[in-house]
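Shown next, in structure tokens, is the structure this report addresses.
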Amino acid sequence: MFCVIESLCALFESRAIFDYDKFWGNVPSHPYTPDDIHAEDDAGPLFLRFEAANSVNSPSLNNWTVSRDVIGDLVLKFDVHPRQVDITTPLGARIDLRRDHGGLLVAGRWFLPRLLHDQERLYTLRWDLSEAPEDTRAIGNFGEGPGPLQKTGFWRTLFKSVYMVGPVQSFPENSADIDATRKAITYWVGHLPAKVDSLKNYNSEIYPKMSSFFNDVDHSYRVFFRQWIRDYGGSGFLDSHILEFDDTVSKEEDSALKSIFTHEMVHGFAVVSESREWTTRCYMLPYRFGICDKAYMDRVCNILLRTYFTSLLIDIEIHQSEDIFFSNWYAEYIPYKRGHAYLLHIDSRLRAMTGRLGPDQNGPMDDIVIDLAARARLGETITNQPWLDSLYPYLGKDMADKELQDMLDGKYLDMSQAFVFSPAMPLYDVKQAVLEYGFNKTSINNRIVSGLMQGSDADKAGLRDDEMVTVWQV
Numbered sequence: 010m011f012c013v014i015e016s017l018c019a020l021f022e023s024r025a026i027f028d029y030d031k032f033w034g035n036v037p038s039h040p041y042t043p044d045d046i047h048a049e050d051d052a053g054p055l056f057l058r059f060e061a062a063n064s065v066n067s068p069s070l071n072n073w074t075v076s077r078d079v080i081g082d083l084v085l086k087f088d089v090h091p092r093q094v095d096i097t098t099p100l101g102a103r104i105d106l107r108r109d110h111g112g113l114l115v116a117g118r119w120f121l122p123r124l125l126h127d128q129e130r131l132y133t134l135r136w137d138l139s140e141a142p143e144d145t146r147a148i149g150n151f152g153e154g155p156g157p158l159q160k161t162g163f164w165r166t167l168f169k170s171v172y173m174v175g176p177v178q179s180f181p182e183n184s185a186d187i188d189a190t191r192k193a194i195t196y197w198v199g200h201l202p203a204k205v206d207s208l209k210n211y212n213s214e215i216y217p218k219m220s221s222f223f224n225d226v227d228h229s230y231r232v233f234f235r236q237w238i239r240d241y242g243g244s245g246f247l248d249s250h251i252l253e254f255d256d257t258v259s260k261e262e263d264s265a266l267k268s269i270f271t272h273e274m275v276h277g278f279a280v281v282s283e284s285r286e287w288t289t290r291c292y293m294l295p296y297r298f299g300i301c302d303k304a305y306m307d308r309v310c311n312i313l314l315r316t317y318f319t320s321l322l323i324d325i326e327i328h329q330s331e332d333i334f335f336s337n338w339y340a341e342y343i344p345y346k347r348g349h350a351y352l353l354h355i356d357s358r359l360r361a362m363t364g365r366l367g368p369d370q371n372g373p374m375d376d377i378v379i380d381l382a383a384r385a386r387l388g389e390t391i392t393n394q395p396w397l398d399s400l401y402p403y404l405g406k407d408m409a410d411k412e413l414q415d416m417l418d419g420k421y422l423d424m425s426q427a428f429v430f431s432p433a434m435p436l437y438d439v440k441q442a443v444l445e446y447g448f449n450k451t452s453i454n455n456r457i458v459s460g461l462m463q464g465s466d467a468d469k470a471g472l473r474d475d476e477m478v479t480v481w482q483v
């Protein structure tokens, strides 16, 4: 890999040029040492040092510093290798470089450092396919082909992009003109399971409607499928996302897959900050777009509400849930499911106040989210305050502040007056059992049962500590 950054000498007063987080959630980044990276500028070789950034929010963050001032262009050369994974590898963000049926797929953030003191510049990407088989395709956010492919933007243009190479297939097949049209293309290698194959058109169908909804019609979109031996899920990037699945996906309901397809796509529009997943409320959009029927909406909405209200961690602070997101059964549900309930509560209040009822028209909350998403795409850092500022005209400062803080703190959400789009679609209070798995989540990664809770349903069903987990499906 060659990485050339032009004229850095005018940008940096210190010699810390990059930072590099050694972990993204529970996924280790590519394990570099300073000796793995050859750095040089117009004056010759440079020596890199990795120094702890002493970040409270990210203790695994390092700064990459150089041994002297940079003169002219900085060139980095380094090798990147696929991550060694097996069935015991914990699930996490789908960012790491992995092999898949003769191809490779990775997100930039897994192997690229982040440039400090960023500014807009022109980025050029080239693939060397001279020794690759004839059917090899190189694809990513920059486009398709060996290049040179160019994009103008900030460092995230590289950092938050996806890169795929190998015997890649695509749908629709004629994808060469994707950047000239407002459409989504899906890419994969190997043979898709029948269930996924039957739904691949869903991405192409929903994207134009979603881009119109968010008033962001100047982009194309890419979906990358990756096959794995365990579970399914996804991660979003710039105008793209990766969806990973195993063979058990064929047993899932169409609504479950469409829900995750939609969720990951909306990341590119409505998640105004990585620490504010609760701002994503996308699950109703397929119904509003006329792509899915009311039965889909009812099923998805009920699952989200049931998962929130039956959680053992219903009262945990949202920031605490993020800290144990990948290690606790119930924590991973909190940002999404509690966020969905909170936004449904707010949407109901604002629609009732303004009379903007029904799925065929936007409510005030839709306008707010669309505006915040547009500001985020322009580079504005969106905190909680712009969200609150938008709510003040409707709810008043005291009420808006309190309800958001209550949600973040894990206070119980009163949904007694909430509805879906209009009072004609109210919510009903139904008593249900608290969701309790009865054993540690680490059992799924280690494939050995541990932490069995005496008296739990798992215990009553005959599960025992130290038993081997051969198949897992919820």
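Everything in the sequence shown is counted per our numbering, starting at 10 for the first residue and increasing by one. Yeah, the Cβ is synthetic: ideal placement off N, Cα and C, and Gly gets one too.
Item                                                                                                                                                                    : Value
Helix, strand or coil: which one does DSSP assign to W136?                                                                                                              : coil
Around the Cβ of K169, are there at least 16 other Cβ atoms within 10 angstroms (buried) or fewer (exposed)?                                                            : buried
Sorted by chain position, which residues of the same chain lie with C-beta nearer than 7 Å to R108's C-beta, five sequence neighbours on each side aside?               : P91
For a test of the three-state rule: what should DSSP assign to S67, helix, strand or coil?                                                                              : coil
In its own chain, which residues sit with a C-beta less than 7 Å from the C-beta of P37, not counting the 5 before and 5 after it?                                      : K31
For V94, collect the residues of the same chain with a Cβ closer than 6 Å to its Cβ; drop the 5 residues on either side in sequence, then sort them by chain order.     : none
When the Cα atoms are used, what is the spatial distance from L387 to E273?                                                                                             : 20 Å
Cutting at 7 Å between CB atoms, please list the residues of its own chain near N224, excluding the five before and the five after it.                                  : I379, A383
May I ask you to list the residues that DSSP assigns as paired with N72?                                                                                                : D28, E60
Please classify K469: is it buried, with 16 or more other beta-carbons within 10 angstroms of its beta-carbon, or exposed?                                              : exposed
Are P157 and R135 close, meaning C-beta to C-beta below 7 Å?                                                                                                            : yes
Taking the DSSP output, what are the residues bridged to W197?                                                                                                          : Q178
CB E218 to CB T195, shorter than 7 Å?                                                                                                                                   : Before going on, a small fix: residue 218 reads as Lys here, not Glu. Cβ distance not < 7 Å, so K218 and T195 don't count as in contact.
In whole angstroms, give me the CA-to-CA distance for L83 and V232.                                                                                                     : 33 Å
Cα-Cα, which of G175, W164, F163, G162 is closest to G154?                                                                                                              : G175
Looking only at DSSP bridge pairs, what is H250 linked to?                                                                                                              : V232, G245
So who's on the other strand from H4, going by DSSP bridges?                                                                                                            : The chain is shown only over 10 to 483; residue 4 falls outside these bounds and no answer can be derived.
Please confirm whether L359 and P373 have their CB atoms less than 7 Å apart.                                                                                           : yes
Sorted by chain position, which residues of the same chain lie with C-beta nearer than 8 Å to D466's C-beta, five sequence neighbours on each side aside?               : E445, G447
Taking the alpha carbon of Y454 as the point to measure from, which residue in L70, G101, A52 has its own alpha carbon closest?                                         : Going by the sequence as given, residue 454 is Asn instead of Tyr. Among L70, G101, A52, the Cα nearest to that of N454 is on G101.
Looking only at its own chain, which residues have a Cβ that is under 6 Å from the Cβ of Y172, when we skip the five neighbours before and after it?                    : V115, G149
Ends of the alpha helix (DSSP H) at G117?                                                                                                                               : 117 to 120
Relative to the C-alpha of R118, which candidate in R165, S220, F298 has its C-alpha closest?                                                                           : R165
Excluding the five sequence neighbours on either side, which residues of its own chain have a C-beta within less than 8 Å of the C-beta of S459, listed in chain order? : F448, N449, T451, S452, D474, D475
Would you check if the segment 412 to 419 and the segment 325 to 338 touch, i.e. whether three or more CB-CB distances between them fall below 8 Å?                     : yes
DSSP three-state label for T161, please.                                                                                                                                : strand
What residues in its chain sit with their C-beta under 7 Å from that of Y216, if we drop five residues either side in the sequence?                                     : K192, A193, Y230, M274
Does DSSP put L321 in a helix, in a strand, or in coil?                                                                                                                 : coil
Looking at the secondary structure, which residues open and close the beta strand (DSSP E) in which P435 lies?                                                          : 431 to 435
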